[in-house]
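>
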Amino acid sequence: MSANNSQAQPKENQGVPQGETPQAPMPKAPGETEVCVIGAGIVGVNCALELVKQGFKVTVVDRAEPGEGCSFGNAGILADWSFVPAFGPEVLKNVPKYLIDPKGPLTIRWTRLPHILPWLFRMLGHASTAHQRRAAEAMNHLTIGAGGSYAKLAAEAGAPELVRQDPVLQVYDKESDFAKSEADLAYRAGFGISYEALDRKALSDLEPALGPDFKWGHALIGGGTTVNPGRLTKVLAEEMQRRGGKLLQAEVRGLARDDGGRFSVTTETGVIACDRIVLAAGAFSHKLSAMLGEHVPQGTERGYHAILADPGVEVRHAVGWKSRAFYASPMEMGLRLAGTVELAGLEAAPDYARAKIMAGLVPTMFPGINTAIKSEWMGFRPTLPDSMPVLGPSAKVPGLIHAFGHQHVGLTCGPATARIVAGLLKGETPNTDISAFRPDRF
Ligand SMILES: Cc1cc2nc3c(=O)[nH]c(=O)nc-3n(C[C@H](O)[C@H](O)[C@H](O)COP(=O)(O)OP(=O)(O)OC[C@H]3O[C@@H](n4cnc5c(N)ncnc54)[C@H](O)[C@@H]3O)c2cc1C
């Protein structure tokens, strides 16, 4: 097991531009380097903010306002313990059961199956304990420390109320589910995360409205939550602009690199010329990297949320029902039920029945809750077949840095990803091994 390094800080420049391929031009000083960050989701905004702090000339381009993609509607969990891919032998064993249960946590849009099958086969190839353990060795460097990082970032941006560092609860209505999680969390504790097992009394003390079926739980300590992931992204984008970064709302339609190593980012409003690109367009990133000749097998796991209009019960913590794969997260705009996975690709229309399923299940968690829904949402998690992001220099295009594919934990991984990206652009060697995230690993 590698040493825990929650901050993933880059090492000092060792003279060799390790962040670049051999053909890449030598990095210029940050103040002379124009960087275009494509994507103003939580990953792109974290990268842009860190780059501006390091002195780079940054333009962020997004077809929407910051935080309107997947980063808008997630469960808000700063899940520093979530460094083990969820898709492993246990989930694989349960897939048939999930698929025949209309309320199950995983569904496939069968009409889209031919389109997603190649990606799905690759996913299946990674559903092993050996892969989960390999991935954990790499991923823990991106997740651990997220709560503290966001508390600092939100405070610097003048919005400390957006981040809470309270425990997150995972609850179980079956003792066998608790026992499995107990073993799994003990493994994760080896990387430095903290948790406590909770009996019924401890659960009731922490969360008095929790239903009687939930006799077992865990408090996950040290991560925390944001009470509005979309607003957090916007606030950090504003902070990036206050520090001199630029934000442009436009769709990127073309990418090119000339012989001198300069890039042209073509949008519907004009062309941005830059020295470096950070590609952080979430579930759409592979379409953009393909424009530069780099093909990455990214797919998507769609997820949903429902916000309850007036729940009528007090939910004090973010509470996750592990076997149903969703969280009830108290947020600024109300109680958000968020989670589940739908495999249907990028093109199919949302199926908001998935959001209603969570509203239908939540009275078991909180008896007496009013399940009237105020709003529903669907988002595209960016997912590579091995459940790890593509993070680091392009294997083909010098000067292109990838930062996408963070799947279920993009919010959590944002700050550590940004530190790695900034270090690479300065020509530093990351002090964590990022080879597991190479774009040409498939
Ligand atoms: C239901 C649900 C619950 C989740 N819960 C959590 C959680 O609790 N904790 C956690 O850590 N993670 C969670 N996630 C995952 C997390 O939300 C994502 O991993 C994260 O938001 C990805 O961020 P991103 O910046 O990579 O992508 P996005 O937020 O999708 O941003 C990508 C941006 O790129 C832009 N873009 C794309 N193509 C173009 C183009 N051609 N031109 C210009 N702009 C373009 C888009 O407009 C978008 O703004 C959850 C996800 C879902 C769906």
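For the sequence shown, numbering that gives the first Met the number 0 assigns the number 0 to the initial residue and increments by one for each residue that follows. Built from N, CA and C at the ideal position, the CB exists for glycine as well. Here the structure is a predicted model, which is why all the values come from computation and not from measurement.
#1: How would you call Asp439, buried or exposed, if buried means at least 16 neighbouring beta carbons within 10 angstroms?
#2: How many angstroms separate the CA atom of Leu524 from the CA atom of Arg323?
#3: I need the straight-line Cα distance from Trp320 to Val226, nearest angstrom please.
#4: In whole angstroms, what is the alpha-carbon distance linking Thr263 and Ala371?
#5: Give the straight-line distance between the Cα atoms of Arg199 and Ala317, rounded to the nearest whole angstrom.
#6: Is DSSP giving His405 helix, strand or coil here?
#7: For Ala421, does the count of other Cβ atoms within 10 angstroms reach 16, so buried, or fall short, so exposed?
#8: Nearer than 8 Å: is that true of the beta carbon of Ala348 relative to any heavy atom of ligand 1?
#9: Going by beta carbon distance, what residues of the same chain come within less than 6 Å of Lys173, once the five residues before and after it are set aside?
#10: Considering only DSSP beta bridges, list what Ser288 is partnered with.
#11: So if DSSP puts Tyr326 in a beta bridge, which residue, or which two residues, is it bridged to?
#12: Are the CB atoms of Ser193 and Leu219 within a distance shorter than 9 Å?
#13: For the alpha helix (DSSP H) containing Ser374, list its first residue and its last residue.
#14: Give the DSSP-derived three-state secondary structure of Gln248 in the structure shown.
#15: Does at least one heavy atom of ligand 1 sit under 8 Å from the Cβ of Arg418?
#16: Decide yes or no for the touch test of the region 329-345 against the region 69-78: beta carbon pairs closer than 8 Å, at least 3 of them.
#17: Quick one: which unbroken beta strand (DSSP E) runs of 3-plus residues sit fully inside the region 147-215? Chain order, please.
#18: Does the Cβ-Cβ distance between Gly38 and Asp79 come in under 9 Å?
#19: When every heavy atom of ligand 1 is checked, does at least one fall within less than 8 Å of the C-beta of Val361?
#20: I'd like the ranges of any alpha helix (DSSP H) spanning at least 4 consecutive residues and lying wholly in the region 336-368.
#21: Between the C-alpha atoms of Pro88 and Leu168, what's the straight-line distance to the nearest angstrom?
#22: So, for Met364: in the same chain, excluding its five sequence neighbours on each side, which residues have a beta-carbon less than 8 Å away from its beta-carbon?
#23: Measure how close the beta-carbons of Asp385 and Ala134 come, nearest whole angstrom, since I'm counting them as under 8 Å.
#24: Go through the region 41-75 residue by residue and report every complete run of the beta strand (DSSP E) that reaches 3 residues or more, in order.
#25: Per the DSSP calculation, Tyr97 is bridged to which residue(s)?
#26: Is it the case that the CB of Asp204 approaches a heavy atom of ligand 3 more closely than 8 Å?
#27: Let me know if Tyr303 comes out buried or exposed under the rule of 16 or more other beta-carbons within 10 Å of its beta-carbon.
#28: Among residues of its own chain, excluding the 5 on either side of Arg261, which ones have a beta-carbon nearer than 8 Å to its beta-carbon?
#29: Tell whether a beta-carbon distance below 9 Å holds between Thr299 and Leu334.
#30: What did DSSP end up calling Thr428 once you bin it into helix, strand or coil?
#31: Throw me the rounded Cβ distance for the Ala402 and Val57 pair, which I believe falls under 8 Å.
#32: Determine the closest residue to Pro159 out of Pro329, Val389, Ile433, Val234, with distance taken between C-alpha atoms.
#33: Under the rule that 16 or more other beta-carbon atoms within 10 Å means buried, what is Arg163, buried or exposed?
#34: According to DSSP, simplified to helix, strand and coil, what is Arg440?
#35: Determine which residues share a DSSP beta bridge with Leu91 and list them.
#36: Per DSSP, what kind of secondary structure is Leu77 in: helix, strand or coil?
Considering the structure as presented:
#1: Numbered from 1 along the sequence shown, position 440 holds the residue referred to as residue 439. So Asp439 counts as exposed.
#2: Nothing about residue 524 can be reported from this structure: the residues present for the chain run from 0 to 441 only.
#3: On the sequence shown, residue 320 is found 321 positions in, with the first residue counted as 1. On the sequence shown, residue 226 is found 227 positions in, with the first residue counted as 1. Cα to Cα, Trp320 sits roughly 19 Å from Val226.
#4: In the sequence shown, residue 263 corresponds to position 264, counting from 1. In the sequence shown, residue 371 corresponds to position 372, counting from 1. Strictly speaking, residue 263 in this sequence is Ser, with Thr absent from that position. Answer to the nearest angstrom: the Cα atoms are 48 Å apart.
#5: As a working note, residue 199 is residue 200 in the sequence shown. As a working note, residue 317 is residue 318 in the sequence shown. So the alpha carbons of these two residues sit roughly 17 Å apart.
#6: The sequence position of residue 405 within the sequence shown is 406, counting from 1. His405: coil per DSSP, three-state reduction.
#7: To locate residue 421, count along the sequence shown from 1; it is residue 422. Ala421 comes out buried.
#8: What you label residue 348 is simply residue 349 of the sequence shown in a count that begins at 1. Answer for Ala348: no, Cβ out of range of ligand 1.
#9: Position 174 of the sequence shown, counted from the start, is the residue given in the question as residue 173. Residues of the same chain with their beta carbon placed closer than 6 Å to that of Lys173 are lacking, with the five preceding and five following residues left out of the count.
#10: Stepping through the sequence shown from its first residue, residue 288 is reached at position 289. Beta-bridge pairing by DSSP links Ser288 to no other residue.
#11: Here residue 326 is taken as the residue at index 327 of the sequence shown, counted from 1. In the DSSP secondary-structure assignment, Tyr326 is bridged to Gly319, Ala337.
#12: Taking the first residue of the sequence shown as position 1, residue 219 is located at position 220. Taking the first residue of the sequence shown as position 1, residue 193 is located at position 194. For Leu219 and Ser193, yes; Cβs fall inside 9 Å.
#13: For this step, residue 374 is matched to residue 375 along the sequence shown. Run containing Ser374: none in the alpha helix (DSSP H); it sits in the beta strand (DSSP E), 372-382.
#14: Residue numbering aside, residue 248 sits at position 249 when the sequence shown is read from its first letter. Gln248: strand per DSSP, three-state reduction.
#15: Taking the first residue of the sequence shown as position 1, residue 418 is located at position 419. Because no heavy atom of ligand 1 lies under 8 Å away, the Cβ of Arg418 does not count as near it: no.
#16: The region 329-345 vs the region 69-78: in contact.
#17: Taking 3 residues as the minimum length, the beta strand (DSSP E) runs contained wholly in the region 147-215 are 167-171, 193-197, in order along the chain.
#18: In the sequence shown, residue 38 corresponds to position 39, counting from 1. In the sequence shown, residue 79 corresponds to position 80, counting from 1. Not closer than 9 Å, so no.
#19: Residue mapping note: residue 361 aligns to position 362 of the sequence shown, counting from 1. No, the beta carbon of Val361 sits no closer than 8 Å to any heavy atom of ligand 1.
#20: Counting only runs of 4 or more, we get 352-364.
#21: For the purposes of this step, residue 88 is taken as residue 89 along the sequence shown, with counting starting at 1. For the purposes of this step, residue 168 is taken as residue 169 along the sequence shown, with counting starting at 1. Each residue's alpha carbon lies about 24 Å from the other.
#22: The count along the sequence shown starts at 1 and reaches residue 364 at position 365. A distance below 8 Å between beta-carbons, with the five flanking residues on each side excluded, links Met364 to the following residues of its chain, in chain order: Val170, Leu209, Gly210, Phe213, Val318, Trp320, Ala327.
#23: Looking up residue 385 in the sequence shown gives position 386. Looking up residue 134 in the sequence shown gives position 135. Contact flag correct, Cβ pair sits at about 7 Å.
#24: Entirely contained in the region 41-75, the beta strand (DSSP E) runs reaching 3 residues are, in chain order, 56-61.
#25: Walking along the sequence shown from the start, residue 97 turns up at place 98. None; Tyr97 has no bridge partner.
#26: As presented, the structure is devoid of ligand 3, carrying ligand 1 as its sole ligands.
#27: Taking the sequence shown and counting its residues from 1, one reaches residue 303 at position 304. Label assigned to Tyr303: buried.
#28: Along the sequence shown, one-based indexing puts residue 261 at 262. Closer than 8 Å at the Cβ level, and outside the excluded window around Arg261, lie Ala272, Cys273, Asp274.
#29: For the purposes of this step, residue 299 is identified with residue 300 of the sequence shown, where counting begins at 1. For the purposes of this step, residue 334 is identified with residue 335 of the sequence shown, where counting begins at 1. No, the Cβ-Cβ distance between Thr299 and Leu334 is not below 9 Å.
#30: The sequence position of residue 428 within the sequence shown is 429, counting from 1. In this structure, Thr428 counts as coil in the three-state DSSP scheme.
#31: In the sequence shown, counting from the first residue as 1, residue 402 sits at position 403. In the sequence shown, counting from the first residue as 1, residue 57 sits at position 58. With 8 Å as the limit, Ala402 and Val57 do not qualify as a contact, their Cβ atoms being about 13 Å apart.
#32: Here residue 159 refers to the residue found at position 160 when the sequence shown is read from its first residue. It is Val234 whose Cα lies nearest to the Cα of Pro159.
#33: To locate residue 163, count along the sequence shown from 1; it is residue 164. Arg163 comes out buried.
#34: Position 441 of the sequence shown, counting from 1, holds the residue named residue 440. The three-state reading of DSSP puts Arg440 in coil, since its state is none of H, G, I, E or B.
#35: The sequence position of residue 91 within the sequence shown is 92, counting from 1. Per DSSP, none; premise fails for Leu91.
#36: Taking the first residue of the sequence shown as 1, we reach residue 77 at position 78. Three-state result, Leu77: coil.
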